[in-house]
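Right, one structure below, let's go through it.
Number of protein chains: 2
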Amino acid sequence: MTDVERRIVGPPTMRDVAALAGVSPMTVSRALHEHPGVSTAVRDRVLSAVGALGYRRNEVARRLRQGRSTGLVGVVVTNLGNPFYAGLTLGIESVLGGQGIRVLLTNTAEDEGREREVVEDLLARQIDGLVVVPAGADHRHLTDGALGGVPVVMAARPPSGIQADCVLVDDFGGARAATSALLADGHRRIAFLGNPPAVYTGAERYRGYAVALKEAGLPVEPGLVRRRQQTIGEAQTAATALLRRGVPPTAIFTANSRNTIGSLRAVARAGANVAIAGFDDFETADVLVVPLTVVAYDAEEIGREAARLLLDRMAAGAQDDVPPARRVVIDTTIIRYRRDDLIGDRNGVRVPR
Amino acid sequence: MTDVERRIVGPPTMRDVAALAGVSPMTVSRALHEHPGVSTAVRDRVLSAVGALGYRRNEVARRLRQGRSTGLVGVVVTNLGNPFYAGLTLGIESVLGGQGIRVLLTNTAEDEGREREVVEDLLARQIDGLVVVPAGADHRHLTDGALGGVPVVMAARPPSGIQADCVLVDDFGGARAATSALLADGHRRIAFLGNPPAVYTGAERYRGYAVALKEAGLPVEPGLVRRRQQTIGEAQTAATALLRRGVPPTAIFTANSRNTIGSLRAVARAGANVAIAGFDDFETADVLVVPLTVVAYDAEEIGREAARLLLDRMAAGAQDDVPPARRVVIDTTIIRYRRDDLIGDRNGVRVPR
DNA sequence: TTGTACGCGTTATCAA
DNA sequence: TTGATAACGCGTACAA
Chain P
113 MTDVERRIVG
123 PPTMRDVAAL
133 AGVSPMTVSR
143 ALHEHPGVST
153 AVRDRVLSAV
163 GALGYRRNEV
173 ARRLRQGRST
183 GLVGVVVTNL
193 GNPFYAGLTL
203 GIESVLGGQG
213 IRVLLTNTAE
223 DEGREREVVE
233 DLLARQIDGL
243 VVVPAGADHR
253 HLTDGALGGV
263 PVVMAARPPS
273 GIQADCVLVD
283 DFGGARAATS
293 ALLADGHRRI
303 AFLGNPPAVY
313 TGAERYRGYA
323 VALKEAGLPV
333 EPGLVRRRQQ
343 TIGEAQTAAT
353 ALLRRGVPPT
363 AIFTANSRNT
373 IGSLRAVARA
383 GANVAIAGFD
393 DFETADVLVV
403 PLTVVAYDAE
413 EIGREAARLL
423 LDRMAAGAQD
433 DVPPARRVVI
443 DTTIIRYRRD
453 DLIGDRNGVR
463 VPR
Chain R
113 MTDVERRIVG
123 PPTMRDVAAL
133 AGVSPMTVSR
143 ALHEHPGVST
153 AVRDRVLSAV
163 GALGYRRNEV
173 ARRLRQGRST
183 GLVGVVVTNL
193 GNPFYAGLTL
203 GIESVLGGQG
213 IRVLLTNTAE
223 DEGREREVVE
233 DLLARQIDGL
243 VVVPAGADHR
253 HLTDGALGGV
263 PVVMAARPPS
273 GIQADCVLVD
283 DFGGARAATS
293 ALLADGHRRI
303 AFLGNPPAVY
313 TGAERYRGYA
323 VALKEAGLPV
333 EPGLVRRRQQ
343 TIGEAQTAAT
353 ALLRRGVPPT
363 AIFTANSRNT
373 IGSLRAVARA
383 GANVAIAGFD
393 DFETADVLVV
403 PLTVVAYDAE
413 EIGREAARLL
423 LDRMAAGAQD
433 DVPPARRVVI
443 DTTIIRYRRD
453 DLIGDRNGVR
463 VPR
């Protein structure tokens, strides 16, 4: 069987090029690498054969032969539909892409089982590193041993029970600052709408809310705390219920965008004079019927930082003395959008009409 | 040199497992595949060696040997930070992930040069298929020949000068319907803010706007058309300039979210009584100070449909008679958010207080 | 200047 | 039931 007959389908290989050019595959390899010591005549024959067949080097076989890594990094997020995770992914891709490293992206939809399966598949595909937004609290599948030494960085949520680098938002500080802003405006009955305590951000942001109240000498009123709503609709229902209390809150701190949007709708529909401060900035925050305060931070920067930490580990390789796990915290900024700002610029810089 | 000494670093291989279990690599392979004809004793020895070494099959080498494809699909988008492309990517991933296919994601930032480089790299990595949101109008690098027979689906923007499957939004119909909605409200001076004609969506959405005007017996007023603004800030500036005209428009049709947000800010800051209708729905569209009409569509569905078209081509393989290029158009819906809706439910269903 | 032999990790095939 | 051999596509080392 000749080389050409050998394969039924598939892209042309070096053999095919070699056969057409009347040389050995090795000469093709050298010609393509611009090795010195290939006659011009042969090189031209090879290159025209390459053009005729549309030959393209097989990067997979190439890296296998050279014992090089794949240049692939796995990125596992919980919800790409959330702008925060999309920004995170973009930040990762921008840093890794600059190094010629490609991103293998998967979405887990907060499903821990899927996360474990996906990580296993990515490892079998010989990824060089992994960035994970972990869906659950059990991180045993992300230990150094389980990953076979492939470095991992956790993003947005910290490792639990294992050692790993991570990049976090200052959830506590942002929540405390936002709540303090409401307190500074004179609010004394401030509701909390957020994730349950089992979710890291839910716990930290509640802690920031509670500490801000305590610093103002106020107790947490359990009746003003709602932590079960998982959709915008449920958040709106919860906020509406709060507004209908005998003694309703005068302000709401919302610990994530679902709750912010649900609360915005509830307050707008009720026509209530209730202030809202919440996590996550968005483009239309300054043109709302309800004055809003937001905790802003740079989602892309979180991704870039995660990628930098990962590249650092990847460069270190499997050293004997593994550097200790690092934790990077990204700062937050409080932005106050008011009706008054409508006559000025965005971000609180007022400009007279 | 023994097998164990042979490699300095790297994950354990079948040889390592075989050596530890005292069998040949072939037996390890069979044991792991649960082939019949492997004695229980040997199988147990192999499995315990696997556990001891933390061995994991190398999926890359495995597929190379079996002549199988990589099970990787390239996804090339222009701007993952835009919720539309994030949703598109999510839709693609959800369909392909269900088939055990992984997504290699790259962001081009609308840079045609980067797109060509990235596509070349993805092809060298032996992807099975490609979904592209093309950055430019020159698609020669996406022809069947240039891709070496790897199937491609174009998303959100159609192929130009080449044959390829694509999934599009009904840009023309959505723009015409939105403009008609403004006309039905009695508006006669309606401005257009959108992309330049060189961008497909810019051309189609302008056409929809112009046809709607023509159907109402109105000419396009060139002074009310702005197509150069590329950022939200530029859009706001353009909209502000329109509002300051001697005879300002009474409504604005915005052909993308940048222009919608910029126009919202301009109208809100001017305190003008100007209606806005624009492409792309968003969560806070119903709690704005400006009544808004949006052209809504399902970004994830576009991704899912693109993935389905791609899977179809991938299954067909390199047939002799290539099926003709298909074009799928995703419907749009007009949603009218009004101040009145604030007493009712979302999406136009009014409910009395 | 060009070719041969061999191996990366895995598995199909055939032999034992 | 198990092992030896060869091969997937490519590149290093050495020989011609």
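Residue numbers (my numbering), protein chains in the order written: chain P, 113 to 465; chain R, 113 to 465. Glycine included, C-beta positions come from ideal geometry on N, C-alpha and C.
- If you ignore the 5 residues before and after Thr405/P, its C-beta comes within less than 8 Å of the C-beta of Ala290, Ala293, Leu294, Ala387, Ile388, Ala389, Gly390, Ile446, Ile447, Arg448, Tyr449, all in its own chain and listed in chain order.
- Between Gly415/R and Leu202/R, the C-beta spacing is below 8 Å.
- As summarised for the segment 250-317 of chain P, the continuous beta strand (DSSP E) elements at least 3 residues long and confined to that stretch are 264-267, 277-281, 302-305, given in chain order.
- Burial check for Val434/P: the Cβ neighbour count within 10 Å stays below 16, so the residue is exposed.
- Interface flag for Ser292/R against chain P is unset, since no Cβ pair is found closer than 8 Å.
- Residues of the segment 281-310 of chain P whose Cβ lies closer than 7 Å to any Cβ of chain R: none.
- With contacts defined as CB atoms closer than 8 Å, Leu305/P and Ala347/P qualify as a contacting pair.
- Rounded to whole angstroms, Asp392/R and Gln342/P show a C-alpha spacing of 24 Å.
- In the structure shown, Asn371/R adopts helical secondary structure according to DSSP, grouped into three states.
- Here Val337/P is bridged, per DSSP, to Phe304/P.
- Interface with chain P (8 Å Cβ-Cβ cutoff): Gln211/R is excluded.
- Between the C-alpha atoms of Leu355/R and Val311/R there is a straight-line separation of about 26 Å.
- Contact with chain P is absent for Gln342/R, since none of that chain's Cβ atoms lies less than 8 Å from the residue's Cβ.
- A contact between stretches requires three or more CB pairs, one per stretch, nearer than 8 Å, and the segment 410-428 of chain R fails this requirement with the segment 357-376 of chain R.
- Between the segment 149-167 of chain R and the segment 131-138 of chain R there are three or more C-beta pairs closer than 8 Å, enough to call the two in contact.
- By the neighbour-count criterion, in which 16 or more other beta carbons inside 10 Å mark a residue as buried, Gln238/P falls on the buried side.
- Counted as a single uninterrupted DSSP element, the beta strand (DSSP E) harbouring Ile364/P occupies residues 363-366.
- The contact set of Asn170/R on chain P, defined by CB atoms closer than 8 Å, consists of Ala236, Gln238 in chain order.
- Taking each of Ala367/R, Ala198/R, Phe394/R in turn and checking the Cα distance to Gly320/R, the smallest one comes out for Ala367/R.
- When Cβ pairs closer than 8 Å are counted between the two stretches, the segment 247-258 of chain R is seen not to touch the segment 175-182 of chain R, the count staying below three.
- Taken atom to atom, the span from the alpha-carbon of Leu235/R to that of Tyr167/R is near 30 Å.
- Proximity of the segment 369-378 of chain R to the segment 407-414 of chain R falls short of the contact definition, fewer than three beta-carbon pairs being nearer than 8 Å.
- Secondary structure of Tyr449/P (DSSP, three-state): strand.
- For a Cβ distance threshold of 7 Å, nothing in chain R lies close to Ile274/P: the least Cβ distance comes to about 16 Å.
- Counting along the chain, Gly390/P sits inside the beta strand (DSSP E) bounded by residues 387-391.
- By the neighbour-count criterion, in which 16 or more other beta carbons inside 10 Å mark a residue as buried, Glu232/R falls on the exposed side.
- Per DSSP, Ala408/R lies in no alpha helix (DSSP H) segment; the continuous beta strand (DSSP E) that holds it begins and ends at 404-408.
- When CB distances to chain R are screened at a threshold of 9 Å, the residues of the segment 193-227 of chain P falling below it are Gly193, Asn194, Pro195, Tyr197, Ala198, Gly199, Thr201, Leu202, Glu205, Ser206, Gly209, Gly212, Arg214, Val215, Leu216, Leu217, Thr218, Asn219, Ala221, Arg226, in chain order.
- Linking Gly199/R to Thr152/P through their CA atoms gives a straight-line distance of about 51 Å.
- If you ignore the 5 residues before and after Gly286/P, its C-beta comes within less than 8 Å of the C-beta of Arg317, Gly320, Phe391, Val407, Tyr409, Thr444, Ile446, all in its own chain and listed in chain order.
- Residues are counted here when their Cβ sits less than 9 Å from a Cβ of chain P; for the segment 388-402 of chain R these are Phe394, Glu395, Thr396, Ala397, Asp398, Val399, Leu400, Val401, Val402, given in chain order.
- Contacts with chain P (Cβ-Cβ distance below 7 Å) from the segment 362-388 of chain R involve Ile373, Leu376, Arg377, Ala380, Arg381, listed in chain order.
- Close to Ala173/R, with beta-carbon spacing below 7 Å, are these residues of chain P in chain order: Leu176.
- Within its own chain, the residues whose Cβ lies closer than 8 Å to the Cβ of Arg340/R, once the five positions on either side in sequence are excluded, are Pro308, Glu346, Ala350, listed in chain order.
- Sequence-distant Cβ neighbours of Arg226/R in its own chain, meaning closer than 7 Å and more than five residues away, are Thr220.
- By the neighbour-count criterion, in which a residue is buried when 16 or more other Cβ atoms sit within 10 angstroms of its Cβ, Ser136/P is exposed.
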